[in-house]
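S.K.:
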Ligand SMILES: [Fe+2]
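In the numbering used here, the protein residues as written are -6 to 321.
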C-alpha cells in the first residue's frame, strides 16, 4: 500500500495520499490549495490515478485544494452529506463507504468541531479531521460547532474503535504525526473527563482567537463546487428537456453514479450505468460519434465534468442534467 502524509507548515495541516499500489487509483484527504502541485507531482511519479479527494469538513484556516485538484485531474470531490450544498460532486452519509481500487474508507459522522465534520476509517487507521487531534481536540466555537456533539463523537464513536487503531488528524501544532486511540484515551488531557458537561466546560473556556484565514477560507471553501450557472454553461439541461430528448433511439442516457449511490436512489428508466471513474475508458473504447449522450449524477458536477471530458473525444452531442438527481 502507498500511504503518504504531507505537512503544510503555514496552516499546520496534514494531508494524506492513499493508494493500493503503483499504477492504481489514489485518493487524497484534506488537500491544501498551495500544495496541489506537490501532490500531483507525487501522484505522477508513482504512476497513480487520482480519482477522489475528500475534505473532512469545511476548513477555516486554509483554502482547500479540492477544486484545484478536480480542475486539474477531473477527480471526484467528496464530503459528508452535512457539508453545504454544491461544494462537492459526491456526498456520503454516516457509515457509507468511499471506494477506490482495492481500498474502502468508512465515513463516520463526528460533528462537534463543525456540524459537517466527518472522520474516515480505513482498517487499522482513522482520519479524524479536527475532531480528535494528538493530545488535543478541535475547537467547537464556530461553524456550528458544539462541545456536547463533539463529546459524543469522541466517546461514543472514535474512542470505541480498537485501542491500537492509528489516528491521523488534519492538524498538529507540536510536531507529532500519528497517535493511537489507546494513547489518546489515556493521555489526551481533554479526554480525562467524566461527563459531557465537564468536557463542554473546558471547551467553552478556551477563549481562542479566530484563525487568521477564517474570513477568507470559510467562504472560499463553501464555494468549491460547480454552481448551477456553471453547470448550465456546460450543456446543462432541465429534467423536462432530458425526458424529451431521451425518447429518441439515438440517445444514450448515462448514470455516472456508483453502485452504492444507485442502491439508495435508483437510476432513471432506460439508462446505462458507467461510474464516473470508468468514463474515459468507456468513451475510448465505444464508437459513439453518432449518438447523443446525456449524463447525469447526484448533484450535477460529475455530469458537468463528463461534458468537458467528452469534448476531448470529439463527441459533439452531449448534455447533462443540471442539479442532478438530488434536485428532482
Ligand atoms: Fe477545522
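Ideal Cβ placement from N, Cα and C applies to all residues, glycine included. Here the structure is a predicted model, which is why all the values come from computation and not from measurement.
Keeping to the same chain, check which residues put their C-beta closer than 8 angstroms to that of residue 265; ignore five residues upstream and five downstream.
M.R.: By one-based count along the chain shown, residue 265 stands at place 272. Annotation for residue 265: 245, 246, 247 and 248 place their beta carbon closer than 8 angstroms to its own, counting only its chain and skipping 5 residues before and after.
S.K.: Looking at the strands, I want to know which residues DSSP matches up with residue 57.
M.R.: In the chain shown, the residue the question calls residue 57 occupies position 64. 25, per the DSSP bridge assignment.
S.K.: Taking its Cβ as the centre, do 16 or more other Cβ atoms sit within 10 Å of residue 182, making it buried, or is it exposed?
M.R.: Counted from its first residue, the chain shown places residue 182 at position 189. The C-beta of residue 182 has fewer than 16 other C-beta atoms within 10 Å across all chains shown, which makes the residue exposed.
S.K.: Spatial neighbours of residue 63 within its chain, please: C-beta separation below 6 angstroms, excluding the five flanking residues on both sides.
M.R.: For the purposes of this step, residue 63 is taken as residue 70 along the chain shown, with counting starting at 1. 70.
S.K.: How many angstroms separate the CA atom of residue 235 from the CA atom of residue 286?
M.R.: Taking the chain shown and counting its residues from 1, the one referred to as residue 235 is at position 242. Taking the chain shown and counting its residues from 1, the one referred to as residue 286 is at position 293. For residue 235 and residue 286, the distance between alpha carbons rounds to 10 angstroms.
S.K.: According to the neighbour-count rule (16 or more other Cβ atoms, all chains shown, within 10 Å of its Cβ), is residue 149 buried or exposed?
M.R.: Taking the chain shown and counting its residues from 1, the one referred to as residue 149 is at position 156. Classification for residue 149: exposed.
S.K.: Which full runs of the alpha helix (DSSP H) of 4+ residues lie inside the stretch 104 to 189, going along the chain?
M.R.: 140 to 145 and 174 to 180
S.K.: What span of residues does the alpha helix (DSSP H) with residue 245 cover, start to end?
M.R.: Numbered from 1 along the chain shown, position 252 holds the residue referred to as residue 245. Run containing residue 245: none in the alpha helix (DSSP H); it sits in the beta strand (DSSP E), 244 to 248.
S.K.: Any heavy atom of ligand 1 closer than 7 angstroms to the beta-carbon of residue 55?
M.R.: In the chain shown, counting from the first residue as 1, residue 55 sits at position 62. Answer for residue 55: no, Cβ out of range of ligand 1.
S.K.: Helix, strand or coil for residue 51, going by three-state DSSP, please let me know.
M.R.: Taking the chain shown and counting its residues from 1, the one referred to as residue 51 is at position 58. Of the three classes helix, strand and coil, the one that applies to residue 51 here is coil, per DSSP.
S.K.: Ligand 1 and residue 50: does the residue's C-beta get closer than 7 angstroms to at least one heavy atom of that ligand?
M.R.: Within the chain shown, residue 50 is the residue found at index 57, counting from 1. Checking the Cβ of residue 50 against ligand 1 gives yes.
S.K.: Apart from the five residues just before and just after residue 82, which ones in its own chain have a Cβ nearer than 6 angstroms to its Cβ?
M.R.: Stepping through the chain shown from its first residue, residue 82 is reached at position 89. Same-chain partners within the cutoff: 69, 70, 294 and 295.
S.K.: Nearest-angstrom Cα distance between residue 297 and residue 130?
M.R.: If you number the chain shown from 1, residue 297 lands on position 304. If you number the chain shown from 1, residue 130 lands on position 137. Approximately 38 angstroms between the Cα atoms of the pair.
S.K.: I'd like the span of the alpha helix (DSSP H) that includes residue 307, first residue to last.
M.R.: Along the chain shown, read from residue 1 onward, the residue named residue 307 stands at position 314. Here residue 307 belongs to no alpha helix (DSSP H), and DSSP marks it neither H nor E.
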